[in-house]
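Number of protein chains: 2
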Amino acid sequence: MNAEIVAVGTEILLGQIVDTNSAELGRKLAEFGVFHTHRQTVGDNRERLAEALRLALSRSDIVFTIGGLGPTQDDLTRSGIADALDDELIYDKSIEEGIRAKLRSRGVPLVPSMKNQAYRPSCAIVIDNPNGTAPGLMCQKEGKTLIAMPGPQSEFLPMLAGSVTDYLKSISDSVIHSRVLRVAGMGESMIEREIADLMEMTNPTVAPYAKVGEVHLRLSANAATVEEAKNMLAPVEEEIRKRLVDSVFAVDEHSLEEVVVELLRKSRQTLAVAESCTGGGLGFLITSVVGASGEFLGGVISYSNEMKQDMLGVSTETLEAHGAVSEQCAKEMAEGVRKKTGADWGVSITGIAGPNSDGTDKPVGLVHIAVSNRDETTFSENRFPGERRAIRERSVQQALIDLHSRLTAL
Amino acid sequence: MNAEIVAVGTEILLGQIVDTNSAELGRKLAEFGVFHTHRQTVGDNRERLAEALRLALSRSDIVFTIGGLGPTQDDLTRSGIADALDDELIYDKSIEEGIRAKLRSRGVPLVPSMKNQAYRPSCAIVIDNPNGTAPGLMCQKEGKTLIAMPGPQSEFLPMLAGSVTDYLKSISDSVIHSRVLRVAGMGESMIEREIADLMEMTNPTVAPYAKVGEVHLRLSANAATVEEAKNMLAPVEEEIRKRLVDSVFAVDEHSLEEVVVELLRKSRQTLAVAESCTGGGLGFLITSVVGASGEFLGGVISYSNEMKQDMLGVSTETLEAHGAVSEQCAKEMAEGVRKKTGADWGVSITGIAGPNSDGTDKPVGLVHIAVSNRDETTFSENRFPGERRAIRERSVQQALIDLHSRLTAL
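Protein sequences, first through last, are from chains B and V. Throughout the first sequence, residue numbering follows my numbering, covering 6 to 415 in sequence. Throughout the second sequence, residue numbering follows my numbering, covering 6 to 415 in sequence.
Structure follows, in structure tokens:
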């Protein structure tokens, strides 16, 4: 069983957007062991799309299209599929009704062009698009399957995780099961040195990926069933955990922020943040965790020095003697937000994200982070490389790492 | 003159890396007006690569390969090109010498496998790779040109900016100049209805792309010089601005957050934020703008009701009678943060990001946003579709749109 992706969109060819959808779908196919040897990308051109689909259908069992299902004149995937399959488009009243119902629930009127989305090749069945008006489509003909998915990421990803995953499950006879061990506090080369022999195995495999402030180790096993694959992975994971001691902080999609919220929940403690150079990024990340409201009270974005004084109680002496980017200021911010909010934990970030310094001779990338509870206020001084964006992301990540290590040391 | 890209690498198909190189090359081709209708991606397989190249050469004048030039067994692009051109590989002593010289200057020894990089199709000339040992290659045969570029970004991008740009300049007699108008407050289909006739033009062209909370209109003109192209775009832009009234908020790479900070700067006004369901995301986005510290004072992440009361002065009556996700609460948050911080503007966000509601019968996706200055507190009630992440991003974006419309109404 092999598959092929045909991405549709002149904006992809012109480089106006980077095609991450195909990468996501590629990962999903790999997960189910579906062989995948070609990808094509064509512009918004009906003839070239039909030609690309004919080529794909001639050599692949399952063909996915991504994009071109919208309501505008550019959106030609429906027609291209009909051409390639020698089929014709029919107007599907039930699709129109679905579109109307969706718009109604959002209080948005139906623009006439949206009715274009109600056409489908006569052989197609409709795949629900929970986040958009254009449905996905699936055609099966002469042993081949063609699946059309919408291009906008907010519609593509849920359809991939939902109906398309279900479909792949139903046709696949071997699975690749993966488990990601997330490691913080060790660099990639240090980790590789510890597990070099494990990285040479072929099934299961162990592959490291460096991320912002952490390293992911992906363990993958190819087996007939998920159960069997899991049994193959278990001893490898045990060995890695033994070698890397306490550095594995989470597994799979569990992010550091989820782990931190979970640790707070278990110990029935609360958290507040005080952010300067990250401007709210730490709070934003923590509140991405569903149900963080039990543990996360909120915080103060103290971008100006006045805010640091008025809302967090940072002293004038500290700001005058050491400046806002200093150990003292970070500690007073963390303690201040903890006391002001009544939280058990206060975490603060103050640093120089660049591109320019703060008028002192402190370097861009210098970031002070403090973690405070009733017993103790600890502190890290960091020098992050890269540009403003990278420095801010690393700062948020490091604050979570610092808090995590305090929480696990309890 | 038309071109085609063949990206080579199993890791691209498997989704282990996202192919940004093809997007960069696509942008470059567009800049020089080189027509570009297809892209293919194949794995590290000699036969399939040769087949893809034959197809590309049959329909395109210039074919680019990206990747597969390294020293390992996986790196098959040299062989694939030779096969597709009915040519053979020869060992080029001068390439080997170039590799040796590069390694010497870095103090790195020659690993035997690196000599594989000294093979080239007999018809090929060598393109210097300033940042790597694998040279680029260019073959010309029967009126077709084939250019092989290395895959690692640190080698690909400099070659693209250098030799490949020079080559494209030499063959191109026209340029495509583009300008992006960024539109907020109108959906894609509503915009299309206003400018449907303009979207049918062929030179310049007008094409819409929906983004989170905004729509980008790309205006592109093909002309002999950039100057001439700009002159063709000007009247079209004027017409679009007239029809869409005040909805065009920025041009080209300027983001809404940059425009908002710039508007504040010009009017010498300051801003503070009060965020509930977005947890700091608005502050994080605003502080991504370099130099926002003159205009952005900071804010309060009031995730808990207590924080809304204690730090923003939201009244108990409001919370009891209307709840935290209400017009009244949003207004009191925006006014509260403005007064507490002494900022000229206060912006607040309070909503239900999901996946669950807040214990009331209010729907997930309901988000209240208020914008307050000394004269007036305005307000929008929004229902955003999608999941938690999308709802939070849309909320941040909508808050900027609401603030922007107040700032431009001044």
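Each residue gets a CB set at the ideal place from its N, CA and C atoms; glycine is no exception.
Which two residues bound the contiguous alpha helix (DSSP H) that contains residue 126(V)?
Per DSSP, residue 126(V) belongs to no alpha helix (DSSP H); it is in the beta strand (DSSP E), 124 to 126.
Alpha carbon to alpha carbon, how far is residue 356(B) from residue 106(B)?
Answer to the nearest angstrom: the Cα atoms are 49 Å apart.
Say whether chain V places a C-beta atom closer than 7 Å to the C-beta of residue 45(B).
Yes, residue 45(B) counts as interfacial toward chain V.
Within 8 Å, do at least three Cβ pairs link the stretch 244 to 253 of chain V to the stretch 256 to 274 of chain B?
Not touching, per the Cβ criterion.
Under 8 Å by Cβ, that's how I've got residue 277(V) and residue 220(V) pegged, so tell me the actual separation to the nearest angstrom.
That belief does not hold up - the Cβ atoms of residue 277(V) and residue 220(V) are roughly 29 Å apart, past 8 Å.
Is the CB of residue 86(V) under 7 Å away from at least one CB in chain B?
Judged by the 7 Å Cβ criterion, residue 86(V) is not in contact with chain B.
So what does residue 176(V) bridge to, in DSSP terms?
BP columns for residue 176(V) are empty, so no partner.
So, does the CB of residue 83(V) fall closer than 7 Å to a CB anywhere in chain B?
Not an interface residue.
So, does the CB of residue 395(V) fall closer than 7 Å to a CB anywhere in chain B?
Yes, because at least one Cβ of chain B sits closer than 7 Å to the Cβ of residue 395(V).
For residue 302(B), go through chain V and note every residue whose CB falls closer than 8 Å to its CB, in chain order.
Those within 8 Å of residue 302(B) in chain V are 308, 309, 311 and 312.
For a quick check, are the C-beta atoms of residue 38(B) and residue 292(V) less than 7 Å apart?
It is not a contact, given that the beta carbons lie outside the stated cut-off.
Report back the beta-carbon spacing between residue 136(B) and residue 213(V) to the nearest angstrom; my notes put them in contact at under 8 Å.
Actually they do not touch by this definition, with Cβ atoms about 19 Å apart.
Give a yes or no on contact between the stretch 43 to 60 of chain V and the stretch 123 to 132 of chain V, applying the rule of three or more CB pairs nearer than 8 Å.
With the cut-off at 8 Å, the stretch 43 to 60 of chain V and the stretch 123 to 132 of chain V do not touch.
Kindly say whether residue 37(V), judged by its beta-carbon, lies nearer than 7 Å to any beta-carbon of chain B.
By this cut-off, residue 37(V) is not an interface position.
Would residue 298(V) count as contacting chain B if we go by Cβ distances under 7 Å?
Closer than 7 Å: yes.
Under three-state DSSP, which class holds residue 145(V)?
Correct three-state label for residue 145(V): strand.
For residue 394(V) and residue 358(V), I'd like the C-alpha separation in whole angstroms.
Residue 394(V) and residue 358(V): Cα-Cα distance of roughly 8 Å.
At which residues does the beta strand (DSSP E) containing residue 351(B) begin and terminate?
Taken as a continuous stretch (DSSP letters only), the beta strand (DSSP E) holding residue 351(B) covers 350 to 356.
Cβ closer than 9 Å: which chain B residues qualify as neighbours of residue 340(V)?
Result: empty, since nearest Cβ-Cβ is about 16 Å, beyond 9 Å.
From residue 113(B) to residue 120(B), what distance separates their C-alpha atoms?
Taking the straight line from one Cα to the other gives about 14 Å.
How would you label residue 414(B), buried or exposed, when you count the other beta carbons within 10 angstroms and need 16 or more for buried?
So residue 414(B) counts as exposed.
May I have the straight-line CA-CA distance separating residue 275(B) from residue 302(V), to the nearest angstrom?
The straight-line gap from Cα to Cα measures roughly 26 Å.
In this structure, how does DSSP classify residue 241(B) when only helix, strand and coil are distinguished?
Reduced to three states, the DSSP call for residue 241(B) is helix.
Name the chain V residues that come within less than 7 Å of residue 77(B), Cβ to Cβ?
Residues of chain V passing the Cβ test: 197.
Could you give the uninterrupted runs of the beta strand (DSSP E) lying entirely in the stretch 330 to 401 of chain B, keeping only those of 3 residues or more?
With a minimum length of 3 residues, the continuous beta strand (DSSP E) runs that stay inside the stretch 330 to 401 of chain B are 350 to 356, 371 to 377 and 382 to 388.
Looking at the structure shown, is residue 37(B) part of a helix, part of a strand, or coil, going by DSSP?
Residue 37(B): coil per DSSP, three-state reduction.
What are the start and end residues of the alpha helix (DSSP H) that includes residue 58(B)?
Where residue 58(B) is concerned, the enclosing alpha helix (DSSP H) stretches over 51 to 64.
Quick one: does residue 305(V) have its CB under 7 Å from some CB of chain B?
It does; some Cβ of chain B falls within 7 Å.
Which residues share a DSSP beta bridge with residue 304(B)?
Paired residues: 278(B) and 306(V).
Kindly indicate the opening and closing residues of the beta strand (DSSP E) around residue 273(B).
Unbroken run through residue 273(B): none, as it is neither H nor E.
Report buried or exposed for residue 96(V), applying the criterion of at least 16 other Cβ atoms within 10 angstroms of its Cβ.
Residue 96(V) should be labelled exposed.
Over the uninterrupted alpha helix (DSSP H) stretch that includes residue 4(B), give me the two end residues.
Here chain B has residues from 6 to 415 only, and residue 4(B) is not among them.
Would you check if the distance between the CB atom of residue 71(B) and the CB atom of residue 156(B) is smaller than 7 Å?
Going by C-beta atoms, residue 71(B) is nearer than 7 Å to residue 156(B).
Does DSSP put residue 22(B) in a helix, a strand or coil?
Coil.
Could you name the residues that DSSP lists as bridge partners for residue 151(B)?
Residue 151(B) pairs with 68(B) and 144(B).
State the Cα-Cα distance for the pair residue 49(V) and residue 21(V), rounded to the nearest angstrom.
One C-alpha to the other measures close to 14 Å.
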